[in-house]
Structures are given as structure tokens and as C-alpha cells.
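Asker:
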Amino acid sequence: MILWGKEHEARAKALATACRETAADIAGLSVSNEGIQAPACADATLTIWGHGDQTTLAELMDVQMGQLIQNWRTRNSALKTVELVTCNAQHNQDPLAGYAKRVAKFVQRKYSDVVIKALPKGQHADDYSILWASANPPAFFYLTAPSKTTFDNANQLLLRLDTQKNHDVGAIATEMAKARTLAEPNNFTIVSSTLDQLRPMLATIKTD
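Numbering (this note's numbering), first residue to last: -1 to 206.
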């Protein structure tokens, strides 16, 4: 199942179609004193896609996310893998680095066999990342940057290209790849593909 956070409904539904799964609004799940409750679900994989930074994903702090995943596994024993799809889930900014690692540690204290995955760091163990995706056509690109200077410059390029390329994610990624160099401020990394190839990009979060 794919759960979406604010402003991610179309992309989550497109990913669900690509993966032949269902999608639901995370805000529509019931809540108790033990956190967000899980519906019955036979899927082995749970994907959560929303806005993210060092402290939240889909408007959930790390402990809230961890409780949701634990509750999901308690209700659904088939759950084996959880995918956190967002920017900056496992990067290095202070003071709260490593959202995905904190979630994984929380979950695995109770369910050590549940694997947590997130988008990988770039080749420089980067501090910043951007995930852009579209539902039609179903495509994405993932950009990482080793410094704020590079990140800010990449953002400016992206905004210009977004207008020039009429929001075509594939065309934007192609032009960004042409602009990439080995030196600041263009030493970002970028990969792109169709939306059905997003899952294979995700990396397992190591907690040790």
C-alpha cells in the first residue's frame, strides 16, 4: 500500500498504479492513544510518500512514524518492508540528522525483521536532496547536493527549467545532467527514470 501526505495524492496514486497496489491518504487513518492505526492490509510493502525534511515525513515526526509502522506490523504480519519516499530522509544536517535511521531504530526495537528503506545518499554522502515526480507522465528525478551553495544553485536551475520545459520531469532532468560539473556550484548528482523504477533505487537503512 502507498500512503500519501499533503500534496502527494496524484504521485502516490501513480506509484500505486505502477506497483499494482492501492493508495490512501495518511490523514484519513484513524488515531488512538497509541498513534495512527493501521487498516487490514495483505501487502508485504508499505510506502509512505510526502513532504520531508530532517525532522518530519508526511507531517509525522520520527516517533510518530515509528509508531505507525509498529502498529501496521502488529495488525498486518505480512509487512516486511517500509519505504520512506521523500527528500533528505537520511542526510546529515544538524541538529537532527538521519530521520530514516531514527525511524528504523524505533521500529526494529520491536520488529527486528522489518526493513526500512529510503532514497540513497549521493556520491558525496550529500547533505541535501530534491525529489521531483509527476503523475502524467509517471516519471521522477532525484538530485543530491554536497553543500547549500550547490543546492541553492540547483534549485534556481530547476525553477527556470520547470517553466522552460513545461513541467516535463524527464526533460528537466536531461538538462540538469548537462549542467552538472565536478566543481561547485554544479557538483550535484541526478538520476531519473519512469515511476515504476523508483522502488529499485531505494536503499536499506543500516542502524549500526
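Glycine residues also receive a C-beta, built at the ideal position from the N, C-alpha and C atoms.
It should be emphasised that the depicted structure is a prediction, and the values quoted were computed from it without experimental measurement.
1. Please specify which runs of the beta strand (DSSP E), each continuous and at least 3 residues long, are wholly inside the segment 24 to 71, giving them in chain order.
2. So S190 and A171 are in contact, right, with Cβ under 8 Å, and what is the actual spacing, rounded?
3. Whose C-alpha, out of L44, I34, A36, E7, is nearest the C-alpha of E19?
4. Between F149, K11, K115, R100, which lies nearest to P135 when the distance is taken from Cα to Cα?
5. Let me check understanding here. Comparing Cα to Cα, which of T84, V112, T54, M59 lies closest to Q68?
6. With DSSP as the reference, identify every bridge partner of K115, one or two as the case may be.
7. How should R9 be labelled, buried or exposed, when 16 other C-beta atoms within 10 angstroms of its C-beta is the threshold for buried?
8. Provide the residue span of the beta strand (DSSP E) that contains F149, from first to last.
9. I need the straight-line Cα distance from T192 to Q35, nearest angstrom please.
10. Apply the 10 Å Cβ neighbour rule to E182 and answer buried if 16 or more other Cβ atoms are within range, or exposed otherwise.
11. In three-state DSSP terms, what is Y97?
12. Going by C-alpha to C-alpha distance, which of I188, W70, N164 sits closest to I24?
13. Buried or exposed: which applies to V80, given that a residue is buried once 16 or more other Cβ atoms fall within 10 Å of its Cβ?
14. Would you say F138 faces chain C, with C-beta separation under 7 Å as the test?
15. If F104 and A143 are in contact, beta carbons under 8 Å, what's the gap, nearest whole angstrom?
16. For A8, which three-state DSSP category applies?
17. Output needed for T179: all residues of its chain with C-beta closer than 8 Å, excluding positions within five of it in sequence on either side, in chain order.
18. I need the boundaries of the alpha helix (DSSP H) containing A169, first residue and last residue.
19. Just confirm the distance between the C-beta atoms of D41 and A76, as a whole number of angstroms; I'd bet it's less than 8 Å.
20. Based on Cα-Cα distance, which residue from Y140, L66, M199, G96 lies nearest to T53?
21. In terms of residue numbering, what span does the beta strand (DSSP E) encompassing F139 cover?
Answerer: If we stick to the structure as given:
1. The segment 24 to 71 is shown to contain whole beta strand (DSSP E) runs of 3 or more residues at 43 to 47, in chain order.
2. Confirmed, Cβ separation roughly 4 Å.
3. L44
4. Taking P135 as reference, the option from F149, K11, K115, R100 with the minimal CA-CA separation is K11.
5. V112
6. Beta bridge pairing from DSSP links K115 with E81, T202.
7. Per the 10 Å Cβ criterion, buried.
8. Per DSSP, F149 belongs to no beta strand (DSSP E); it is in the alpha helix (DSSP H), 146 to 162.
9. 32 Å
10. exposed
11. helix
12. W70
13. buried
14. Absent from the structure: chain C. Only one protein chain is present.
15. Not quite, the Cβ-Cβ distance comes to about 28 Å (not below 8 Å), so this is no contact.
16. helix
17. So the list reads N185, once near-sequence residues are dropped.
18. Annotation: the continuous alpha helix (DSSP H) that includes A169 extends over 167 to 177.
19. About 7 Å; that satisfies the 8 Å criterion.
20. G96
21. 136 to 143
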